[in-house]
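Just below is one structure, and these are the notes that go with it.
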Amino acid sequence: MPSVLAHPTPPTPRSSITPPPMPRKTVRAMPPVPSAARKITPPVLDTAPVKPRQTASLPPSGGKTGTTNMVRLGFESGQAKLPAPAIKQLDGVVRKLTKESALRLQLLAYAGGATSSGSQARRLSLSRALAVRSYLIEKGIRSTRIDVRALGNQVKGSPADRVDVIINNR
């Protein structure tokens, strides 16, 4: 019978990882703090008055900034067409706006009359304001410098049929 050679069994591998060393000295926790010592006093703050910081202000009076001028344009009752005197007044406004590029306009348009309803008066006042605006644009004034408000029969003062051209320096 043939002989069977026995192979030696390899030794079981040992782990190359060793556990961490044990501490040599043990550290104790801090002793408990008495309750009187636990109170924390807030830090002392400097209570000197603080001057408030200014974020915006109006320009000093007397300067050109913030000045307002107004031109009142009269219209015939029930009409939105620019009358000749209004055109002459608007030409003066155009000259002023051409000289100073910072100026802006606000058109406040009104339409009076006891017989007209609120919506009719508002439509007529809008037509008047747009007629003034169109004239100014034809004369070279940018539309972005013109604000239009059609106030209809919410008239303050007289005459009731008018457009107030308010010139603001902003």
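Letter by letter, the sequence shown follows residues 3 to 172 in my numbering.
We put the CB at the ideal spot given by N, CA and C, even for glycine.
| Query | Result |
| --- | --- |
| Determine whether the beta carbon atoms of residue 128 and residue 104 lie at a separation below 7 Å. | no |
| Using 8 Å as the cut-off, can you tell me whether the stretch 90–99 makes contact with the stretch 142–152, which would need three or more C-beta pairs spanning the two stretches below that distance? | yes |
| When you compare the CB positions of residue 131 and residue 165, do they come within less than 7 Å of one another, or not? | yes |
| Tell me the rounded alpha-carbon separation between residue 84 and residue 169. | 19 Å |
| Would DSSP call residue 89 helix, strand or coil? | helix |
| Excluding the five sequence neighbours on either side, which residues of its own chain have a C-beta within less than 6 Å of the C-beta of residue 106, listed in chain order? | 147, 170, 172 |
| So the candidates are 79, 114, 80, 167; which of them puts its Cα closest to the Cα of residue 138? | 167 |
| Quick test of your reading: residue 125 and residue 109, contact by CB under 8 Å. State the CB separation rounded to the nearest angstrom. | Contact doesn't hold; Cβ gap of about 15 Å is too wide. |
| When you compare each of 163, 156, 161, 133 to residue 150 by their alpha carbons, which one comes out closest? | 133 |
| To the nearest angstrom, how far is it from the Cα of residue 73 to the Cα of residue 87? | 12 Å |
| Measure the C-alpha to C-alpha separation of residue 67 and residue 102 and round it to an integer number of angstroms. | Caution is warranted here: a pLDDT of 49 is assigned to residue 67, below 50, making its placement in the model unreliable, and the coordinate value is therefore given only provisionally. About 12 Å. |
| Taking all protein chains shown into account, do 16 or more other C-beta atoms lie within 10 angstroms of the C-beta of residue 114, making it buried, or fewer, making it exposed? | buried |
| Classify residue 154: buried if its beta carbon has 16 or more other beta carbons within 10 angstroms, exposed otherwise. | buried |
| Could you give the first and the last residue of the continuous beta strand (DSSP E) run that contains residue 130? | Not the beta strand (DSSP E): residue 130 falls in the alpha helix (DSSP H), residues 120–140. |
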